[in-house]
Each structure stands twice: as structure tokens, then as C-alpha cells.
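Numbering (my numbering), first residue to last: 464 to 844.
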């Protein structure tokens, strides 16, 4: 192991085959095992026995240490970066011990269950002078990186308008959902559709184009019930569970840059007419950019994303290439490739390609503001 290798301690490594609840195993672990920059040295689960079971299940080796509490793994001198990849309702309690111990920390999005908790964690991290990462990995996607480069480099001049459209439920049917994971469809949940799926998409927009100076927002629900299905048996256990989280989101207004912008996200029981799940149209003083992505999760890394650029009134539309991921990404599943890109950016010191705690706090606040404005039906400055 080289001196530059970053030693990882994971908090929450599941043996579950289900991606929900097992994100650490399905995305983080493959990314870390493939990377030349990292070495996994410890796992902490709810008990030492559970951690040992995960280490054995994933064939991580007898040299990987097992812990039964966040405090114990935080005190391990061999751990450089603590990775918290569990459900959001435990983020605060699992992250705080690592910060108090002066560890660098990577926490999945959302950072915490509330903006107040997120602010407290960010303030503690700042006081300890540690490095932080929050898992809004769409920012590290090569397409997002390239689009930001094109915009900041003036490829189409000054941006006049931006229209970003998303279909959020790719792969998730609207009429059925998994029993035990009701949090995703509850309005009051910190891990619902709006705060996870929409937030991942919107964070990339925010990173490239900045905040609104004036905006109006609509958050509505058009699918009011969902059938809950038992994961083990496939049987419906509740045919009409209340779905209260918004499934239609619209933000529109003027960005601080002066550009007119709209961000529209929907969930639908139907396939899109062209299998496109995301479409961005960016109009500038000297040209236009279109970004499209397939019917999938924005923060994932599905094949088929495209960037097209037209410059000038007589300009030819060209498809733009971006920097390819290194070869070791080939062993990482698509859902983990952008997670791998975040880890790579952190190891290489490219701060612009990953979100930190302070930026996550801004996102938490903005989501609160958009929801409040929609509730009150007001235009905000």
C-alpha cells in the first residue's frame, strides 16, 4: 500500500441483494475495491457480528477489522476516511462520532434528516478542519463535468435560458412499491422522492448554473396511492397505501446570472415517447446546447447520454465527446460508476467534482425554500 493510499472505514455494509438499503454494498464497495487510490480497512455495522458477516460475505479478507459502533471505527488510527452509507435517518448519529474524532467523512445524500442537523454537522466539520464529501454523485458524471466546462468556457456565449426536464421514476413503477420502504413515498420523510431523486438531479443543475434570484415553485402529487408488495413473497400487503410525496415538481424564475430558467421533474406510469428521461436545453448568445440522457436514474451512469452543440445561426450541430473514465471503472456496475468518480475526484484533489458538507447545507436549505414557496403559493426572492 502506497503512502498516498486512503484507508477507508465503511459504516453500514449490507449483505442484502436489494439496492435500497444496500447502497454501500452495491455502489461504494465495487468502486472502492476497483480503485488504486483506496484500501478498505474496517467495517462497522450495528454489531461486531454483523460487521464480520459482511466482511465474510463480500470476501474482504481477514485483515479488515469489524466494529459494532460508529465510535469504535472513528477511533481507529488506521482509518483515514469514514464512509457513512446507510438510511438517512441515522446519518447524524453515525457521522458525528467520526467528526469528533477528526476523521474525514463521506456521507450519502441527504446529509441529514433536517437542515438543522445538516448545519450542525457542517459546523462541526469546519471546527475540526476535516475534509467532507456528500454523495450527490451526478456532479462527478463525465457528462456533467463536460457540460460545466462548456458553459464556463463560453462555448455558447452568455447563457440566456436553461430548461431542464427530468423523469424521476425510471425503473420504479408508480402502481407498486416495496413494503418496508414506505419512507420513499411519504411527504414528511427525509428520504422521499423529492429529497432524493429530485435533489440528485437538481444538484447537478445548481452546480453548473447556480441559484435562482427569483423563483416560483410547484410541488404536487398526482399518484395518491400505491400497492405495497412484500419483497420476499411478491404478494400485495396493502393495495392502497397513501403516497404523499410530490411526484410533480416545477421550479421557474431568474437565476442569479440573469438567465431565465425552469426545472421540471415528473413521475409517470408511462414510458417517454423517445425513451429519453432527461433533456436539458441551454440557450446562449452564440449557440445552443442539448443534453439528453436515457430513462434511468440521473445520478447513475447509464450508457446513452449525449451532448449536442450548435454555434451560430448557420452552425452545424455536433455531438461533443467527454473524457472517458479510467479502465478500472469497467469492473464497477453502472450505478456505482459516478460514486467511483467521486472517490477519484477526492483522491486527486478535484474539489469542483464533488459536494462537501457546506454545499449540501445549501441544497438542504433550497429544497426547504422551494417546498415552502409551493405550500404558500408565493414568488420568492
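Positions of the beta carbon are idealized from the N, C-alpha and C atoms, including for glycine.
Review point. Between residue 534 and residue 827, what straight-line distance do the alpha-carbon atoms span, to the nearest angstrom?
Key: On the chain shown, position 71 is the one that residue 534 refers to. On the chain shown, position 364 is the one that residue 827 refers to. Straight-line measurement puts the Cα of residue 827 at about 26 Å from the Cα of residue 534.
Check your understanding: Thinking just about the alpha-carbon of each residue, which of 492, 472, 499 and 479 is nearest to the one in residue 790?
Key -> The count along the chain shown starts at 1 and reaches residue 790 at position 327. Taking only the C-alpha atoms, the option nearest residue 790 is 499.
Exercise for review: State yes or no: is the C-beta of residue 756 within less than 8 Å of the C-beta of residue 767?
Suggested key: By 1-based counting over the chain shown, the position of residue 756 is 293. By 1-based counting over the chain shown, the position of residue 767 is 304. Contact flag set, yes.
Check your understanding: Within 8 Å (strictly less), CB to CB, does residue 661 reach chain B?
Key -> In the structure shown, chain B does not exist; there is a single protein chain.
Review point. By a C-beta neighbour count over all protein chains shown, 10 Å radius and 16 as the cutoff for buried, is residue 465 buried or exposed?
Key: As a working note, residue 465 is residue 2 in the chain shown. Residue placement at residue 465 is flagged as unreliable, the pLDDT there being 48, under the threshold of 50; the coordinate-derived value follows with that caveat. Residue 465 should be labelled exposed.
Practice item. Please say whether residue 682 and residue 704 have beta carbons closer to each other than 8 Å? Key: The residue you call residue 704 lines up with position 241 of the chain shown. The residue you call residue 682 lines up with position 219 of the chain shown. It is not a contact, given that the beta carbons lie outside the stated cut-off.
Point to revise | Beta-carbon contacts of residue 594 that lie in its chain and below 6 Å, excluding the five residues immediately before and after | key: Counting from 1 along the chain shown, the entry for residue 594 is found at position 131. If we look at residue 594 and ignore the five residues flanking it on each side, its Cβ neighbours are 567.
Review point. Should residue 716 and residue 664 be called a contact, given that it needs their Cβ atoms to be closer than 8 Å?
Key: For the purposes of this step, residue 716 is taken as the residue at position 253 of the chain shown. For the purposes of this step, residue 664 is taken as the residue at position 201 of the chain shown. No. Outside cutoff.
Check your understanding: Using the C-alpha atoms, what's the distance from residue 680 back to residue 829?
Key -> For the purposes of this step, residue 829 is identified with residue 366 of the chain shown, where counting begins at 1. For the purposes of this step, residue 680 is identified with residue 217 of the chain shown, where counting begins at 1. The straight-line gap from Cα to Cα measures roughly 11 Å.
Review point. Cα separation between residue 591 and residue 549?
Key: In the chain shown, residue 591 corresponds to position 128, counting from 1. In the chain shown, residue 549 corresponds to position 86, counting from 1. Spanning the two alpha carbons is a distance of roughly 23 Å.
Point to revise | Residues that DSSP places opposite residue 640 in a beta bridge | key: Counting from one through the chain shown, the residue named residue 640 turns up at place 177. Answer is 691, bridged to residue 640.
Check your understanding: Is it a yes or a no for the segment 635 to 652 touching the segment 720 to 732, going by three-plus beta-carbon pairs under 8 Å?
Key -> Enough Cβ pairs lie closer than 8 Å, so yes.
Review point. Taking DSSP as the reference, what is the three-state secondary structure of residue 729?
Key: Indexing the chain shown from 1 puts residue 729 at position 266. DSSP places residue 729 in strand when its eight states are reduced to three.
Exercise for review: Determine the contact status of residue 625 and residue 724, defining contact as a CB-CB distance below 8 Å.
Suggested key: Stepping through the chain shown from its first residue, residue 625 is reached at position 162. Stepping through the chain shown from its first residue, residue 724 is reached at position 261. Taking the C-beta atoms as reference points, residue 724 is found nearer than 8 Å to residue 625.
Check your understanding: Which of the three DSSP states, helix, strand or coil, is assigned to residue 464?
Key -> Within the chain shown, residue 464 is the residue found at index 1, counting from 1. Because residue 464 carries a pLDDT of 41, less than 50, the predicted location of this residue cannot be relied on, and the following value inherits that uncertainty. Three-state result, residue 464: coil.
Review point. Shortest alpha-carbon distance to residue 652 belongs to which of 820, 779 and 576?
Key: Translated into positions along the chain shown, residue 652 becomes position 189. That would be 576, whose Cα lies nearest to the Cα of residue 652.
**Study point:** Three-state class that DSSP yields for residue 743 in the structure shown
**Key:** Residue 743 sits at position 280 when you count from the first residue of the chain shown. Of the three classes helix, strand and coil, the one that applies to residue 743 here is strand, per DSSP.
Exercise for review: Spell out the partners DSSP gives residue 528 in its beta bridges.
Suggested key: In the chain shown, residue 528 corresponds to position 65, counting from 1. Per DSSP, 505.
Review point. For residue 561, which residues from the same chain have a beta carbon less than 7 Å from its beta carbon, with the 5 sequence-adjacent residues on both sides left out?
Key: For this step, residue 561 is matched to residue 98 along the chain shown. Taken in chain order, the residues that qualify are 533, 537, 545 and 568.
Practice item. Inspect the beta-carbon positions of residue 571 and residue 555 and report whether they are closer than 8 Å. Key: As a position in the chain shown, residue 571 is number 108, starting the count at 1. As a position in the chain shown, residue 555 is number 92, starting the count at 1. No.
Check your understanding: What residues in its chain sit with their C-beta under 6 Å from that of residue 700, if we drop five residues either side in the sequence?
Key -> Locating residue 700 in the chain shown gives position 237, where the first residue counts as 1. If we look at residue 700 and ignore the five residues flanking it on each side, its Cβ neighbours are 642, 691 and 693.
Review point. Using the beta-carbon count (16 or more within 10 Å), is residue 745 buried or exposed?
Key: Counting from 1 along the chain shown, the entry for residue 745 is found at position 282. By the Cβ-count criterion, residue 745 is buried, with 16 or more other Cβ atoms from all chains shown falling within 10 Å of its own Cβ.
Practice item. Indicate, with yes or no, if the ligand ATP has a heavy atom lying under 7 Å from the CB of residue 548. Key: The model on display carries no ligand, and the ligand ATP is accordingly not part of it.
Point to revise | Three-state class that DSSP yields for residue 769 in the structure shown | key: The residue labelled residue 769 in the question sits at position 306 within the chain shown. In the three-state DSSP reduction, residue 769 falls in the strand class (E or B).
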